[in-house]
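If you count the sequence shown from 1, position 566 lands on 565 in numbering that gives the first Met the number 0, and the numbers rise without skipping.
All remarks here apply to the structure that follows.
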Amino acid sequence: MIPTHLLSDFCATAILVVDPTTETIVAANPACESLLGYRQSQLIGMPISTIEVGLQDVFFWEDVRSAGAQEISQVESEYRHQNGHFVYVNKTVRLVKQDAQTLCVISAHDISASKRLEDESARTSALLAATLESTIDGILVTNLDGHIINYNHRMTTMWPWRHEGEQTFHHQLADFKDLLEDRASFERWVTALFHDPYIDEQKTFTLRDGKVFEVSSCPLQYRDAPIGRLFCIHDISALKASEAALREARDQAQQANKAKSDFLAHMSHELRTPLNAILGFAQVIEADGQGDNQILGGYIHKAGQHLLDLINEVLDLASIEAGKLALRLESVDVSACIHDCVELTQVLAKEKGIALHLSPPTIPCFIWADARRLKQMLLNLISNAIKYNRADGSVSISTQRVPNGSWRIKVEDTGLGIAEADQQRLFTAFNRVGNSQTSVEGTGIGLAFTKKLAQMMQGTVGMSSELAVGSCFWIELPAAVAPDLSPNIVPIAQDESSRTVLYIEDDLLSQKLMQNILAKQRPNYHFFTAQTGQEGIALAMQIAPDLILLDQQLPDATGSMIFEQLQQHERTRHTPCIALSGNTLPEQINDALRLGFSAYLSKPLQISQALLTIDQIISQKRDAIYSKV
Ligand code: ADP
């Protein structure tokens with residue numbers, strides 16, 4: 000009798016019972032049909048060797064036979080199915096005694112699905128291992144207790160790695176901590192990480208040998224629950240070194256830039272202070288004098304003004320090169336600007352017998368520019384066109400819209416023109432070409448400055464010229480819309496009552512000039528002077544002036560420092576102060592105004608402008624007092 004429980008219909012394991020003497024199948028259960036590809040009825044009586052068509056001895060019949068029918072259990076092998084594909088099976092052979100007969104019971108279980116999973120998981124592990132090893136970072140994975148689950152080879156080279164003994168994170172960490180500069184903070188961090196399995200953080204640690212490691216740690220999760228922790232160590236020493244080198248280079252560049260700025264500020268102050276006296280007194284003599292004196296005053300004024308222009312040009316160019324020239328870009332009316340320039344150059348043109356022709360634009364023409372600097376650029380082109388013209392020549396100024404949407408302002412002359420070889424050298428500083436070097440007054444700065452200004456305003460410059468015919472120089476600047484021109488000029492009320500003005504200035508000539516101007520133009524102003532900052536503060540406390548004029552470079556302190564000290568005394572806190580300086584760099588002016596100065600006057604002083612500012616600020620103070628009363 001065949002043990003029926005072995006042949007259960009419900010069993011997923013295929014079971015064959017073989018008679019070892021006849022080597023034929025005497026029983027088979029239904030599961031054999033799908034595993035072996037034969038119907039159950041076909042199998043009964045079939046020689047077992049018929050099934051052994053596979054690569055391997057699938058049912059070990061050979062083994063069973065040669066071993067004298069021995070039992071074999073749980074062996075895996077591959078079997079080729081009737082339909083040709085391969086099936087993994089797990090087999091067991093048992094010998095069962097039945098009525099003095101020994102039968103072989105062969106059970107086989109299809110394990111192809113789990114084999115596939117096994118293969119898949121082996122492939123995934125190989126991929127993971129290759130990925131882990133391919134990174135330049137050290138990677139380590141622990142469970143929640145800190146037992147190391149996985150790590151890559153790089154990790155073992157980044158810190159002292161112990162291969163013997165316990166493989167826990169804390170154990171491996173012991174030597175690593177000794178390498179760190181701040182061992183305590185690292186310890187605290189690691190404790191916090193193992194305390195809270197959800198922390199995802201990154202920290203940078205410096206080693207005693209100067210290396211810098213960025214350590215990041217994140218939770219290792221399975222089905223949304225943390226099951227461990229992943230550490231990744233990235234060596235950022237090279238990055239940190241290059242950052243430090245960049246910082247050093249930037250600091251050096253800033254220092255050099257500051258040195259340039261200081262030099263510009265110093266030169267500006269040193270050159271303008273004596274000119275302040277020269278131009279100021281020349282204006283006084285010109286205004287007061289009679290006959291020869293007035294003429295001589297005029298000469299000094301003119302020559303001084305020329306010197307000031309040269310100094311301004313050189314300092315402007317230096318400022319641009321030092322990146323210190325700030326522009327105030329706004330919508331500028333080109334026709335008005337050209338009109339002003341023509342007016343200013345009319346005298347020069349008349350002197351040289353040159354006719355100026357102006358072709359105003361037919362449509363409104365506004366460009367995006369710094370109005371003052373645009374005038375400077377145009378004046379340079381127009382005065383060149385006059386200077387380098389022939390007798391009875393002419394200069395035409397016109398505007399034209401160009402395809403890229405900009406406006407081109409052209410200055411054409413009927414001069415001698417510029418040879419092609421010389422044209423290449425134009426627009427670079429100190430390059431004067433042709434005969435002009437000796438015959439016409441100039442510095443060779445104007446065109447270079449014009450080009451740099453145009454570039455700063457997102458524009459371009461250009462020229463064309465023909466010998467004996469003339470030249471055309473042009474500036475192209477982006478078009479803009481017309482500005483809002485609501486009136487904002489408030490008329491200044493005339494105040495005849497007496498006022499006290501204190502001027503803190505170490506340059507005696509500048510003091511005298513201001514005294515002279517005020518004595519003549521504003522006799523109702525009482526004028527006091529002090530030569531140092533401290534003297535000035537003491538005098539201000541005593542006389543409580545209505546206005547303080549404060550030079551920015553005093554022997555004992557800067558004007559800003561004295562201003563701050565004046566702010567600390569109740570008696571002088573509300574006294575308006577005007578800064579006076581030969582330094583015209585925009586950032587210095589802005590700094591002073593930001594500090595609280597009411598205005599900033601540049602030396603050499605434009606007398607009318609200076610008086611206007613003084614009057615305006617004194618009257619504002621009076622209004623403020625009246626509004627308080
Ligand atoms: P400066 O006029 O002070 O010499 P610029 O930089 O304005 O300096 O001009 C540089 C040179 O270009 C001049 O010295 C002159 O040789 C040449 N140049 C400029 N404009 C003209 C012009 N319209 N016609 C002929 N030559 C010119």
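All C-beta atoms, glycine included, are put in the ideal place defined by N, C-alpha and C.
Source: prediction; values computed, not measured.
Beta-carbon gap between residue i and residue j smaller than 8 Å
| i | j | result |
| --- | --- | --- |
| H568 | M540 | yes |
| G416 | L466 | yes |
| L263 | A348 | no |
| I198 | L192 | yes |
| R372 | L452 | yes |
| L549 | I561 | yes |
| F426 | L446 | yes |
| A591 | L600 | no |
| V95 | A107 | no |
| I588 | I616 | no |
| T531 | D506 | no |
| E475 | V410 | no |
| I232 | G137 | yes |
| S334 | S395 | no |
| G290 | I353 | no |
| L127 | V16 | no |
Nearest to residue i (by Cα), restricted to the options the options
| i | options | result |
| --- | --- | --- |
| D315 | L347, F230, M266 and Q304 | M266 |
| T397 | W406, R389, D391 and A248 | Note on identity: in this sequence residue 397 is Ser, with Thr being the wrong assignment. Of W406, R389, D391 and A248, the residue nearest in Cα terms is W406. |
| K323 | E586, S40 and Q608 | E586 |
| E75 | F280, A390, Q615 and I110 | I110 |
| A645 | K90, T20 and A325 | No answer is possible for residue 645: it lies beyond the span of the chain, which begins at 0 and ends at 628. |
| L553 | Q566, I536, P544 and I542 | I536 |
| Q457 | L326, T557 and T571 | L326 |
| E419 | G433, E350, M157 and T442 | G433 |
| T449 | S33, M376 and Q422 | M376 |
| L508 | E22, C103 and G279 | G279 |
| I606 | G558, R521 and F526 | R521 |
| A368 | V214, K114 and M455 | M455 |
| D332 | Q304, R271 and P477 | P477 |
| F212 | A173, M157, R246 and Q166 | M157 |
DSSP beta-bridge partners of residue i
| i | result |
| --- | --- |
| C10 | C10 pairs with nothing; no bridge assigned. |
| L548 | Y502 and I577 |
| F527 | L501 |
| N89 | E75 and H108 |
| D18 | T23 |
| R228 | T141 and P218 |
| Y37 | In the DSSP output, where bridge partners are listed per residue, Y37 has none listed. |
| S470 | S464 |
| Y150 | L139 |
Residue environment, residue i, which counts as buried when at least 16 other CB atoms sit within 10 Å
| i | result |
| --- | --- |
| G404 | exposed |
| F85 | exposed |
| T612 | buried |
| N487 | Reliability of the predicted coordinates at N487 is poor, the pLDDT of 34 falling under 50, and no value is obtained from them. |
| I366 | buried |
| V524 | It should be pointed out that residue 524 corresponds to Tyr in this sequence rather than to Val. That one is buried. |
| T583 | buried |
| Y78 | buried |
| S184 | exposed |
| P603 | buried |
| N383 | buried |
| Y387 | buried |
| T49 | exposed |
| Y502 | buried |
| Q100 | exposed |
| A281 | buried |
| S241 | exposed |
| V480 | exposed |
| Q493 | With a pLDDT of only 42 at Q493, under 50, the local geometry of the prediction cannot be trusted, and no value is derived from it. |
| P490 | Because the pLDDT of P490 is 35, which lies under 50, any placement of that residue in the model is unreliable, and the number read from its coordinates should be weighed accordingly. P490 should be labelled exposed. |
| G558 | buried |
| E504 | buried |
| R271 | buried |
Check: residue i C-beta below 7 Å from any heavy atom of the ligand FMN
| i | result |
| --- | --- |
| N379 | With respect to the ligand FMN, the structure offers nothing, as its ligand set consists of the ligand ADP. |
Within-8 Å CB hit, residue i to chain E
| i | result |
| --- | --- |
| A354 | Structure shown: chain E not included; a single protein chain is present. |
Give a yes or no on contact between the region 224-244 and the region 135-149, applying the rule of three or more CB pairs nearer than 8 Å. With a cut-off of 8 Å, the region 135-149 and the region 224-244 count as touching, because enough Cβ pairs lie within range.
Evaluate the contact criterion for the region 123-138 versus the region 149-166: three or more CB pairs, one atom per stretch, below 8 Å. Yes, the region 123-138 touches the region 149-166.
Would you say the region 275-287 touches the region 502-514, given that touching needs at least three Cβ pairs under 8 Å? Output reads yes: the region 502-514 touches the region 275-287.
Three CB pairs or more closer than 8 Å across the region 286-300 and the region 246-258: Contact fails: fewer than three Cβ-Cβ distances are below 8 Å.
Looking at C-beta atoms only, is the number of pairs between the region 119-126 and the region 18-27 that lie closer than 8 Å three or more? No contact exists between the region 119-126 and the region 18-27.
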